[in-house]
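Residue numbers (the numbering used here): 5 to 47.
Now the structure itself:
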């Protein structure tokens with residue numbers, strides 16, 4: 005299994021960040037997930 009993790013800023017002000025990942029198992033992409041977060045706001 006290989007896990008690929010990606011982070012990127014989604015707007016010009018840097019206020020929203022996307023965190024995404026997928027697993028690659030036997031050449032197949034499985035378990036995709038993605039979340040948008042605002043680092044400047046507490047949970």
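By construction, the Cβ of each residue, glycine as well, lies at the ideal position given by its N, Cα and C atoms. Values in this document were obtained by computation on a predicted structure and should not be read as measured data.
What does the alpha-carbon distance come out to for the pair residue 8 and residue 44?
Going by the C-alpha atoms only, they are around 25 Å apart.
Same chain, Cβ closer than 8 Å to residue 11, neighbours up to 5 away in sequence not counted:
Result list for residue 11: 21, 22, 23, 24, in chain order.
Please report how far the alpha carbon of residue 38 lies from the alpha carbon of residue 26, in whole angstroms.
Approximately 9 Å, taken between the alpha carbons.
Helix, strand or coil for residue 7? Go by DSSP, reduced to three states.
For residue 7, the secondary structure class from DSSP, reduced to helix, strand or coil, is strand.
Out of curiosity, what's the CA-to-CA distance linking residue 17 and residue 40?
Rounded to whole angstroms, residue 17 to residue 40 spans 15 Å at the Cα level.
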